[in-house]
Amino acid sequence: MRLALVLPAAALLLAACSTAPQQAVQAAPPPPPSTTTTSSPSPEPQAQPVVVPTAPCTAPAIRACASLSLKLAWLMKDGVAEHGPVPITHGRPGHETPVGTFKVAWKDAEHTSSIYRTPMPHSVFFTAGGIAFHEGSLNEDSHGCVHLSPEAAKIFFDALPVQAGVQVMA
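Under mature numbering (1 follows the signal peptide of the UniProt record, and there is no 0), read the sequence shown as residues -27 to -1, 1 to 143, first letter to last.
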């Protein structure tokens, strides 16, 4: 486009400065303006529905449900998830979390492991071997317990009375 404007201007300048008799110089018409095609804006990405896994526990009178394969836990009421799912970690190889149906045996809000000498805040023990839901790392597996975030551990602690049903699924 610049070339199309420069050439006629240069021709006029040369004609004006020339000592030769002047001839009419006809400037070439400017090229038509370039058109930019406007496409319709890209459609905004649509939000995809969040698929929340349903609690896999089926035993009657279960108050807490944990799925080791999904690494999720729920609080249940009348067979329906009342809270969750929440992320969990569980037992590492050699310290597997037992699978089955249990009852809450006892609770301790400020428990410290007698074996590992580590804090286990908001512990809800549900096996005779000392396996519990409690606050713990969600980045590494446990020595058999079900680790919950600090917020979820408090919620589970408050919601699970002694004798409440717990089901742990593979």
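By construction, the Cβ of each residue, glycine as well, lies at the ideal position given by its N, Cα and C atoms.
These numbers come from a predicted model, not from an experiment.
Just to check my reading of the structure: PHE99 and PHE75 have Cβ atoms closer than 8 Å, yes? What is that Cβ distance to the nearest angstrom? With a contact defined as Cβ atoms closer than 8 Å, PHE99 and PHE75 qualify at about 4 Å.
Run of the alpha helix (DSSP H) containing ALA132, from where it starts to where it stops: Judged by DSSP secondary structure, ALA132 falls within the alpha helix (DSSP H) whose first and last residues are 123 to 132.
Between which residues of its own chain and LEU45 is the CB-CB distance below 8 Å, once the five residues before and five after are set aside? Same-chain partners within the cutoff: PRO26, ALA39, GLY57, PRO58, VAL59, PRO60, ILE61.
Give a yes or no on whether the C-beta atoms belonging to HIS116 and GLY73 are separated by under 8 Å. No, Cβ-Cβ distance for HIS116 and GLY73 is not below 8 Å.
Given a cut-off of 8 Å, decide if THR70 and LEU41 are closer than it, judged by their beta-carbon atoms. The answer is yes: Cβ separation under 8 Å.
When PRO123, SER96, THR31, PRO22 are compared against VAL77, the one with the closest alpha-carbon: When each option's Cα is compared against that of VAL77, the closest is SER96.
Grab me the residues of LYS80's own chain with a C-beta within less than 6 Å of its C-beta, minus the 5 sequence neighbours each way, in chain order. VAL97.
Would you kindly check if the distance between the Cβ of GLU108 and the Cβ of ALA126 is under 8 Å? Less than 8 Å divides the Cβ of ALA126 from the Cβ of GLU108.
If you reduce the DSSP assignment to three classes, tell me which class GLY138 lands in. It is a strand residue.
For PRO94, which of helix, strand or coil comes out of DSSP? In this structure, PRO94 counts as strand in the three-state DSSP scheme.
Run through DSSP, which three-state label would residue 200 get? There is simply no residue 200 to check, as the chain begins at -27 and stops at 143 in what is shown.
Kindly list the residues whose CB is nearer than 8 Å to the CB of THR91, restricted to its own chain and excluding five residues on each side of it in sequence; keep chain order. For THR91, where only same-chain residues beyond five positions count, the Cβ hits under 8 Å are THR85.
Looking at C-alpha atoms only, which residue of CYS118, ASP51, PRO123, PRO22 is the closest neighbour of ILE104? Out of CYS118, ASP51, PRO123, PRO22, the CA that lies nearest to the CA of ILE104 is found in CYS118.
Quick one: grab the DSSP three-state call for MET(-27). Interpretation of MET(-27) is limited by its pLDDT of 43, a score under 50 that renders its predicted location unreliable; the figure taken from the coordinates is listed afterwards. In the three-state DSSP reduction, MET(-27) falls in the coil class, being neither helix nor strand.
Answer yes or no: do ALA28 and ALA54 have a C-beta to C-beta separation smaller than 8 Å? Contact flag set, yes.
Does the beta-carbon of ILE35 have 16 or more other beta-carbons within 10 angstroms, so that it is buried, or is it exposed? Of the other Cβ atoms in all chains shown, 16 or more fall within 10 Å of the Cβ of ILE35; this residue is therefore buried.
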